[in-house]
Amino acid sequence: MNDLDATTKSSASQTAVPIADQAPAIPPAPDTATVHRLRRPVYIGPINWVGLAMLYQREVQRFLKIATQTLAAPVITSVLFLMVFSVALGERANFVGDVDFVTFLVPGLVMMNVLQNAFANTSSSLVVSKVQGNIVDLLMPPLGPGELLFGLAAAGMTRGLCVGVVTAVVLVMLGGGTWPPHPMIALGFLTLGAFALSFAGILAGIWANKFDELAAITNFVVQPLTFLSGTFYSVDRLPAPFDLIASLNPVFYTIDGFRYGMIGVADRSLMTGFYCLVTVNVVLAILCYNALRSGYRLKS
849 MNDLDATTKS
859 SASQTAVPIA
869 DQAPAIPPAP
879 DTATVHRLRR
889 PVYIGPINWV
899 GLAMLYQREV
909 QRFLKIATQT
919 LAAPVITSVL
929 FLMVFSVALG
939 ERANFVGDVD
949 FVTFLVPGLV
959 MMNVLQNAFA
969 NTSSSLVVSK
979 VQGNIVDLLM
989 PPLGPGELLF
999 GLAAAGMTRG
1009 LCVGVVTAVV
1019 LVMLGGGTWP
1029 PHPMIALGFL
1039 TLGAFALSFA
1049 GILAGIWANK
1059 FDELAAITNF
1069 VVQPLTFLSG
1079 TFYSVDRLPA
1089 PFDLIASLNP
1099 VFYTIDGFRY
1109 GMIGVADRSL
1119 MTGFYCLVTV
1129 NVVLAILCYN
1139 ALRSGYRLKS
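In structure tokens form, the structure reads like this:
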């Protein structure tokens, strides 16, 4: 009888233990292979090539989505310029050497489109991100200032190159020239000019916080430089001291070198223009790099 009572009391005491007071079951530890598979470190290296490629792809897709505005509109504008000057001047005497005015005009129109669109691509990308409040999407990824700089500038150069090629093909089809005698020289000056204005666009986009500020730079700096740098005329016909002022303008050397590659006519030395453009690109790239690294007007 005592044994039965003892057994009953023991069972009661065991069933009386609250569930909350019992120790929770400890799950088994995952094996080492599972841990490494779930928490595998990603080695980026000195250059984040994947991030750089994604940034470039994003910027290119951004202007391709609105190709009517970014590609077709500049071409139509150049065609209108060519038609107006053709009707106004007709088949007049040779303008420079053996080159008529329309043939002389085409390289200037092409390069004007290249420079303006390269500047617009980089500057608008930064300003739109600021206005929409998603600039953090550009700053948060593991991209250094050099990668940001090259990704944005390469996309701006790509847009300028696309616009330039399409414009040149259309204008040549309309009778504004022939196959360029020095295509590599034309491509080289086109690339240097597009990169220079892409860097300038990055600086403008960093500085501007509103569309009005960016529009002021575009209307009062970029457009006058592209219009008054030998686009529609030869600087040799300018009176002093305007011919000297034009020779100090880097945009003039971009148009002059590209014109030589397209029609074999230039107003100044090609090597002088080449060294000038390389220097301008290096200086602008350094300024952009320092601005991106410091976060000037980008980070609060």
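The sequence shown begins at 849 in our numbering and counts up by one. Ideal Cβ positions, reconstructed from N, Cα and C, are used throughout, including at glycine.
Straight-line Cα distance separating residue j from residue i
i: Met988; j: Gly899; result: 11 Å
i: Cys1124; j: Thr1074; result: 17 Å
i: Thr1079; j: Leu986; result: 36 Å
i: Phe949; j: Met931; result: 12 Å
i: Pro1072; j: Ser1142; result: 31 Å
i: Trp1027; j: Met1110; result: 7 Å
i: Gly1023; j: Pro1098; result: 29 Å
i: Gln980; j: Ala1034; result: 38 Å
i: Arg1107; j: Ala1044; result: 17 Å
i: Ile924; j: Leu997; result: 31 Å
i: Phe1090; j: Asn1067; result: 21 Å
i: Arg1007; j: Val962; result: 8 Å
i: Val1014; j: Thr918; result: 12 Å
i: Met922; j: Leu912; result: In the sequence under discussion, the amino acid at residue 922 is Pro, which differs from the Met named in the question. Their Cα atoms are separated by approximately 14 Å.
i: Cys1010; j: Thr916; result: 13 Å
i: Gly893; j: Arg910; result: 28 Å
CA nearest to the CA of residue i, picked from the options
i: Tyr1101; options: Gly1112, Thr1120, Asp1084 and Val1113; result: Thr1120
i: Ile895; options: Val975, Pro993, Asn1057 and Phe1106; result: Pro993
i: Ala1002; options: Arg906, Asp1091, Val1014 and Arg1107; result: Arg906
i: Val1020; options: Leu957, Asp946 and Gly893; result: Leu957
i: Tyr1137; options: Ile1050, Ser1095 and Ala1114; result: Ile1050
i: Asp1060; options: Val976, Met959, Leu912 and Arg910; result: Val976
i: Val796; options: Arg1085, Phe952, Phe998 and Gly1036; result: In the structure as shown, the chain starts at 849 and stops at 1148, and residue 796 therefore has no counterpart that could be examined.
i: Asn969; options: Phe929, Val908 and Val954; result: Val908
i: Ala1133; options: Val1083, Ala1064 and Glu995; result: Glu995
i: Leu903; options: Met959, Leu991 and Ser934; result: Leu991
i: Met960; options: His1030, Val1070, Asn982 and Val1017; result: Val1070
i: Leu1076; options: Asp1104, Leu1000 and Ala1064; result: Asp1104
i: Ile1144; options: Leu1096, Phe929 and Ile1054; result: Contrary to the premise, residue 1144 reads as Tyr rather than Ile in this sequence. Considering only alpha carbons, the answer is Ile1054.
i: Pro1031; options: Asp1084, Gly893, Pro955 and Phe933; result: Pro955
DSSP three-state assignment for residue i, whether helix, strand or coil
i: Val958; result: helix
i: Val947; result: strand
i: Asp1104; result: helix
i: Val984; result: helix
i: Tyr1137; result: helix
i: Lys1147; result: coil
i: Pro922; result: helix
i: Arg906; result: helix
i: Thr1120; result: helix
i: Leu1022; result: coil
i: Gly1008; result: helix
i: Leu991; result: coil
i: Val1130; result: helix
i: Ala1114; result: coil
i: Ser1142; result: helix
Cβ-based burial, residue i [other Cβ within 10 Å; buried from 16]
i: Ser1148; result: exposed
i: Ser973; result: buried
i: Val1131; result: exposed
i: Asn965; result: buried
i: Ile914; result: exposed
i: Ser1117; result: exposed
i: Lys978; result: buried
i: Leu1092; result: exposed
i: Asn1129; result: buried
Residue i Cβ short of 7 Å to the ligand SAH heavy atom set
i: Ala1003; result: Ligands are entirely absent from the displayed structure, and the ligand SAH is therefore not among its contents.
Of all the alpha helix (DSSP H) runs that stay within the bounds of the region 1048–1101, which reach a length of 4 or more residues?
1059–1065, 1071–1075 and 1090–1095
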